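S.K.:
Number of protein chains: 2
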Amino acid sequence: MRSYRQYCGLARALDSVGDRWVLLIVRELLVGPRRYNELLDGLPGIATNLLAERLRELEEIGVITRHGDHTYVLTEWGQGLHDVVYALGRWAAPLMDRPAPHDEFRSHWLSHPIHLLYEGVDRRRPKLSVEVNTGNAPMTIASNAGRVSVMPGKPASPDLVLAGPPDGIVGLLSGRLDRAGAAKRGVSVKGDLRKLAKLRPHRATGAALAT
Amino acid sequence: MRSYRQYCGLARALDSVGDRWVLLIVRELLVGPRRYNELLDGLPGIATNLLAERLRELEEIGVITRHGDHTYVLTEWGQGLHDVVYALGRWAAPLMDRPAPHDEFRSHWLSHPIHLLYEGVDRRRPKLSVEVNTGNAPMTIASNAGRVSVMPGKPASPDLVLAGPPDGIVGLLSGRLDRAGAAKRGVSVKGDLRKLAKLRPHRATGAALAT
DNA sequence: CTGCATCCGGGCCGATACTG
DNA sequence: CAGTATCGGCCCGGATGCAG
Numbered sequence: 003m004r005s006y007r008q009y010c011g012l013a014r015a016l017d018s019v020g021d022r023w024v025l026l027i028v029r030e031l032l033v034g035p036r037r038y039n040e041l042l043d044g045l046p047g048i049a050t051n052l053l054a055e056r057l058r059e060l061e062e063i064g065v066i067t068r069h070g071d072h073t074y075v076l077t078e079w080g081q082g083l084h085d086v087v088y089a090l091g092r093w094a095a096p097l098m099d100r101p102a103p104h105d106e107f108r109s110h111w112l113s114h115p116i117h118l119l120y121e122g123v124d125r126r127r128p129k130l131s132v133e134v135n136t137g138n139a140p141m142t143i144a145s146n147a148g149r150v151s152v153m154p155g156k157p158a159s160p161d162l163v164l165a166g167p168p169d170g171i172v173g174l175l176s177g178r179l180d181r182a183g184a185a186k187r188g189v190s191v192k193g194d195l196r197k198l199a200k201l202r203p204h205r206a207t208g209a210a211l212a213t
Numbered sequence: 003m004r005s006y007r008q009y010c011g012l013a014r015a016l017d018s019v020g021d022r023w024v025l026l027i028v029r030e031l032l033v034g035p036r037r038y039n040e041l042l043d044g045l046p047g048i049a050t051n052l053l054a055e056r057l058r059e060l061e062e063i064g065v066i067t068r069h070g071d072h073t074y075v076l077t078e079w080g081q082g083l084h085d086v087v088y089a090l091g092r093w094a095a096p097l098m099d100r101p102a103p104h105d106e107f108r109s110h111w112l113s114h115p116i117h118l119l120y121e122g123v124d125r126r127r128p129k130l131s132v133e134v135n136t137g138n139a140p141m142t143i144a145s146n147a148g149r150v151s152v153m154p155g156k157p158a159s160p161d162l163v164l165a166g167p168p169d170g171i172v173g174l175l176s177g178r179l180d181r182a183g184a185a186k187r188g189v190s191v192k193g194d195l196r197k198l199a200k201l202r203p204h205r206a207t208g209a210a211l212a213t
């Protein structure tokens with residue numbers, strides 16, 4: 003990208019990561035190291051040459067490194083983009099009510115809104131294991147020792163099984179939808195939802211998503 | 003900008019404000035309402051047609067509104083981009099050591115790194131009035147009742163007068179440069195620097211900029 | 001003078017075909 | 001699997017025109 007040529011932090015940042023697709027690549031790598039084809043799958047719509055070019059640029063400026071096994075990883079500085087990506091995601095929450103007609107979705111993207119909803123440690127959170135079936139693959143939400151984590155795959159013995167489109171799932175997780183509202187969006191629930199509500203922070207910190 | 007067509011908060015955000023120049027326009031409006039030509043001046047390098055087009059798009063999606071007196075203002079939602087702009091600026095701090103040869107600079111941009119350095123209220127901060135001469139116009143940094151503010155223009159009776167290139171000025175303000183280091187970068191100082199150091203938070207919160 | 005609109009050249013982006 | 005090569009089209013940048 004052509005430089006803005008301004009001595010300003012924002013301009014410098016955008017010179018580095020303002021190119022199309024760049025922050026979405028970072029989004030993928032925030033979850034963990036990824037191989038080229040995994041990135042392609044997590045970035046529906048990107049052209050293969052663009053992905054290759056962006057990865058080269060990001061390596062040159064020190065945002066990512068390439069491991070021997072053909073995986074790409076964020077450097078420590080690159081991980082600093084976490085706050086940027088989450089600030090943008092939080093800001094766009096009001097736009098997320100419904101998926102647009104041709105929107106793509108990948109299950110592992112769930113990890114980001116979930117981390118927004120359940121960030122931090124809260125000892126009052128019950129232990130819980132939730133199977134989520136939305137998008138292209140099953141995911142597990144696990145609450146342990148006051149901390150909530152998200153992983154690919156099904157849990158061994160889920161307390162709760164959710165299935166349906168991502169807006170309904172997230173609406174249910176955020177508390178913006180109740181069981182009936184989520185059902186209207188095509189979400190099916192097996193199990194007790196009451197424990198789910200207790201995962202959220204008590205002092206309504208997740209308000210940004212709920213708006 | 004062509005939509006990413008992904009049901010993801012980050013993608014939605016970039017669909018809205020990922021276009022070239024958009025976040026820089028927001029940077030300008032974060033300081034306050036601005037007229038068209040003021041924006042042109044604060045955005046060196048932008049083409050006039052692009053500014054007009056971006057302003058129209060930003061109004062359509064509800065990030066800005068147009069006041070009767072031909073000024074553009076951020077909506078409440080638009081002001082939410084503060085966190086995005088500052089997250090990007092903070093992340094890019096390591097790139098800000100020196101201006102590049104042809105970098106432009108505007109004095110009022112100082113307000114952003116200064117708000118990063120001196121955010122919040124700290125009653126132990128001394129009352130202080132600083133005149134800063136860098137860029138295209140003089141600026142005033144004022145510390146009152148534990149809060150630091152930045153305004154255009156010269157103070158009536160400054161305790162301290164700084165002049166020189168912006169990297170030296172910011173280096174001095176952040177504490178990353180001492181008087182000698184700043185002098186090497188062409189900064190002249192009139193007055194006592196010790197009070198300046200007391201403006202910074204005691205628990206080294208400005209570490210991001212200092213790195 | 002301010003606040004844009006129009007026009008045009010160049011570069012970046014998107015889609016697909018192809019290769020080690 | 002992990003990219004490279006190519007080409008059409010669109011967006012951006014810069015200059016200029018023009019209405020209130």
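Chains as they are written, first to last, in our numbering: chain Z, 3 to 213; chain P, 3 to 213.
The beta carbon of each residue, even a glycine, is placed where N, CA and C say it ideally should be.
Computed from a predicted structure; not experimentally measured.
1) Does any residue of chain Z have a CB that is nearer than 8 Å to the CB of H104 (chain P)?
2) With a threshold of 8 Å between beta carbons, is S18 (chain P) in contact with chain Z?
3) Does D85 (chain Z) have its Cβ less than 8 Å from a Cβ in chain P?
4) Is P103 (chain P) a contact residue of the ligand ADP, with contact defined as CB to any heavy atom under 7 Å?
5) Output the distance between the C-alpha atoms of N39 (chain P) and A94 (chain P), rounded to the nearest integer angstrom.
6) Given a cut-off of 8 Å on the beta-carbon distance, is the pair L174 (chain P) and A184 (chain P) in contact?
7) Against chain P, with Cβ distances strictly below 8 Å, would L12 (chain Z) count as a contact?
8) Could you say if the region 63 to 71 of chain Z and the region 96 to 115 of chain Z meet the contact criterion of at least three C-beta pairs nearer than 8 Å?
9) At a CB-CB cut-off below 7 Å, which residues of chain Z make contact with A95 (chain P)?
10) Work out the CA separation of M153 (chain Z) and R7 (chain Z) for me, nearest whole Å.
11) Is the Cβ of A8 (chain Z) closer than 8 Å to any Cβ of chain P?
12) Name, please, each residue of chain P whose Cβ falls closer than 9 Å to the Cβ of M98 (chain Z).
13) Report the three-state DSSP secondary structure of P157 (chain P) (helix, strand or coil).
14) Between Z:A89, Z:D105, Z:L52 and Z:I66, which has its C-alpha nearest R36 (chain Z)'s C-alpha?
15) At the 8 Å Cβ level, is A199 (chain P) part of the contact set with chain Z, yes or no?
16) Looking at the structure shown, is L179 (chain Z) part of a helix, part of a strand, or coil, going by DSSP?
17) With DSSP run on the structure shown, which of helix, strand or coil describes A185 (chain Z)?
18) DSSP puts Y74 (chain P) in a beta bridge; with which residues?
19) Taking P160 (chain P) as the reference, which of P:S145, P:R149 and P:R108 has the closest Cα?
20) Taking the straight line between their C-alpha atoms, what separation do you get for G177 (chain Z) and D124 (chain P)?
21) Alpha carbon to alpha carbon, how far is D105 (chain Z) from G47 (chain Z)?
22) State the DSSP-derived secondary structure class of I63 (chain Z), mapped to helix, strand or coil.
23) Are the CB atoms of R14 (chain Z) and L31 (chain P) nearer to each other than 8 Å?
24) Thinking just about the alpha-carbon of each residue, which of P:L201, P:G170, P:P203 and P:K197 is nearest to the one in V189 (chain P)?
25) Would you report the Cα separation of R149 (chain P) and L198 (chain P), rounded to the nearest angstrom?
26) Take every Cβ of the region 83 to 93 of chain P, pair it with every Cβ of the region 49 to 59 of chain P, and state whether three or more of those distances are shorter than 8 Å.
27) With a 10 Å radius around its C-beta and 16 neighbouring C-beta atoms as the bar for buried, classify H204 (chain P) as buried or exposed.
28) How many Å lie between Y120 (chain Z) and G11 (chain Z) at the Cα?
29) Along the chain, which unbroken stretches of the beta strand (DSSP E) at least 3 residues long are found entirely within the region 102 to 140 of chain Z?
30) Taking K156 (chain Z) and T142 (chain Z) to be in contact with their CB atoms under 8 Å, please state how far apart those CB atoms are, rounded to whole angstroms.
31) Enumerate in chain order the residues of its own chain whose CB-to-CB distance from P101 (chain P) is below 8 Å, with the five nearest sequence positions on each side excluded.
32) Any beta carbon from chain Z within less than 8 Å of L52 (chain P)'s own beta carbon?
33) Mark L211 (chain Z) as exposed unless 16 or more other C-beta atoms lie within 10 angstroms of its C-beta, in which case mark it buried.
34) Going by DSSP, which residues form a beta bridge with K192 (chain P)?
35) Which residues in chain P sit within 7 Å of A89 (chain Z), going by Cβ to Cβ distance?
36) Is it right to say T213 (chain P) is buried, meaning 16 or more other beta carbons lie within 10 angstroms of its own, or is it exposed?
M.R.: Well, looking at it:
1) Locating residue 104 (chain P) in the second sequence gives position 102, where the first residue counts as 1. The beta carbon of H104 (chain P) falls within 8 Å of a beta carbon belonging to chain Z, placing the residue at that interface.
2) By one-based count along the second sequence, residue 18 (chain P) stands at place 16. With respect to chain Z, the C-beta atom of S18 (chain P) has a partner C-beta closer than 8 Å.
3) Here residue 85 (chain Z) refers to the residue found at position 83 when the first sequence is read from its first residue. At a cut-off of 8 Å between beta carbons, D85 (chain Z) contacts chain P.
4) Among the components modelled here there is no ligand, and therefore nothing to report on the ligand ADP.
5) Counting from 1 along the second sequence, the entry for residue 39 (chain P) is found at position 37. Counting from 1 along the second sequence, the entry for residue 94 (chain P) is found at position 92. Each residue's alpha carbon lies about 28 Å from the other.
6) Position 172 of the second sequence, counted from the first residue, corresponds to residue 174 (chain P). Position 182 of the second sequence, counted from the first residue, corresponds to residue 184 (chain P). Cβ distance < 8 Å, so L174 (chain P) and A184 (chain P) count as in contact.
7) Translated into positions along the first sequence, residue 12 (chain Z) becomes position 10. Residue contact check for L12 (chain Z) against chain P: a CB pair falls below 8 Å.
8) In short, these stretches do not touch, since the Cβ pair count stays below three.
9) Against the second sequence, residue 95 (chain P) aligns to sequence position 93. What A95 (chain P) touches in chain Z, judged by beta-carbon distance under 7 Å, is G11, going in chain order.
10) Looking up residue 7 (chain Z) in the first sequence gives position 5. Looking up residue 153 (chain Z) in the first sequence gives position 151. For the pair R7 (chain Z) and M153 (chain Z), the Cα-to-Cα distance works out to about 42 Å.
11) Mapped onto the first sequence, residue 8 (chain Z) falls at position 6. For clarity, residue 8 (chain Z) is Gln in the given sequence; the question names Ala instead. Yes, its Cβ sits closer than 8 Å to a Cβ of chain P.
12) Position 96 of the first sequence holds residue 98 (chain Z). Residues of chain P with a Cβ closer than 9 Å to the Cβ of M98 (chain Z) are, in chain order, Y9, C10, G11 and R14.
13) Stepping through the second sequence from its first residue, residue 157 (chain P) is reached at position 155. In this structure, P157 (chain P) counts as coil in the three-state DSSP scheme.
14) Locating residue 36 (chain Z) in the first sequence gives position 34, where the first residue counts as 1. For the residues Z:A89, Z:D105, Z:L52 and Z:I66, the minimum Cα distance to R36 (chain Z) belongs to Z:I66.
15) As a first step, residue 199 (chain P) is located in the second sequence; it is residue number 197 there, counting from the start. Not an interface residue.
16) Looking up residue 179 (chain Z) in the first sequence gives position 177. Reduced to three states, the DSSP call for L179 (chain Z) is coil.
17) Here residue 185 (chain Z) corresponds to residue number 183 of the first sequence, with the count starting at 1. Residue state, collapsed to three classes: helix.
18) As a working mapping, residue 74 (chain P) is identified with position 72 in the second sequence. For Y74 (chain P), the pairing in a beta bridge is given by DSSP as P:R36 and P:R68.
19) Looking up residue 160 (chain P) in the second sequence gives position 158. When only C-alpha atoms are compared, the closest one is P:S145.
20) Residue mapping note: residue 177 (chain Z) aligns to position 175 of the first sequence, counting from 1. Residue mapping note: residue 124 (chain P) aligns to position 122 of the second sequence, counting from 1. If you take the alpha carbons of G177 (chain Z) and D124 (chain P), they lie about 37 Å apart.
21) On the first sequence, residue 105 (chain Z) is found 103 positions in, with the first residue counted as 1. On the first sequence, residue 47 (chain Z) is found 45 positions in, with the first residue counted as 1. Distance between the alpha carbons of D105 (chain Z) and G47 (chain Z): 10 Å.
22) The residue given as residue 63 (chain Z) occupies position 61 in the first sequence. Coil at I63 (chain Z), not helix or strand.
23) Against the first sequence, residue 14 (chain Z) aligns to sequence position 12. Against the second sequence, residue 31 (chain P) aligns to sequence position 29. Their beta carbons are not under 8 Å apart, which means R14 (chain Z) does not touch L31 (chain P) by this criterion.
24) Here residue 189 (chain P) is taken as the residue at index 187 of the second sequence, counted from 1. Among P:L201, P:G170, P:P203 and P:K197, the Cα nearest to that of V189 (chain P) belongs to P:G170.
25) Working through the second sequence from its first residue, we reach residue 149 (chain P) at position 147. Working through the second sequence from its first residue, we reach residue 198 (chain P) at position 196. Distance between the alpha carbons of R149 (chain P) and L198 (chain P) is about 13 Å.
26) With the cut-off at 8 Å, the region 83 to 93 of chain P and the region 49 to 59 of chain P do not touch.
27) By 1-based counting over the second sequence, the position of residue 204 (chain P) is 202. H204 (chain P) sits exposed, since fewer than 16 C-beta atoms from the chains shown fall within 10 Å of its C-beta.
28) One-based indexing of the first sequence puts residue 120 (chain Z) at position 118. One-based indexing of the first sequence puts residue 11 (chain Z) at position 9. Going from the Cα of Y120 (chain Z) to the Cα of G11 (chain Z) covers about 31 Å.
29) The qualifying runs are 130 to 136.
30) Counting from one through the first sequence, the residue named residue 156 (chain Z) turns up at place 154. Counting from one through the first sequence, the residue named residue 142 (chain Z) turns up at place 140. So it is a contact: roughly 6 Å between Cβ atoms.
31) Looking up residue 101 (chain P) in the second sequence gives position 99. F107, P167, P168 and D169, listed in sequence order.
32) Taking the first residue of the second sequence as position 1, residue 52 (chain P) is located at position 50. It does not: the Cβ of L52 (chain P) has no partner Cβ on chain Z nearer than 8 Å.
33) Stepping through the first sequence from its first residue, residue 211 (chain Z) is reached at position 209. The predicted position of L211 (chain Z) is uncertain, since its pLDDT is 48 and thus under 50; no value can be drawn from it.
34) Translated into positions along the second sequence, residue 192 (chain P) becomes position 190. BP columns for K192 (chain P) point to P:V163.
35) As a working mapping, residue 89 (chain Z) is identified with position 87 in the first sequence. In chain order, D85, V86 and A89 make up the part of chain P whose C-beta sits under 7 Å from the C-beta of A89 (chain Z).
36) Here residue 213 (chain P) is taken as the residue at index 211 of the second sequence, counted from 1. In this prediction, T213 (chain P) has a pLDDT of 44, which is less than 50 and means its spatial position is unreliable; what the coordinates show is noted afterwards. Residue burial annotation: T213 (chain P) is exposed, with fewer than 16 other C-beta atoms found within 10 angstroms of its C-beta.
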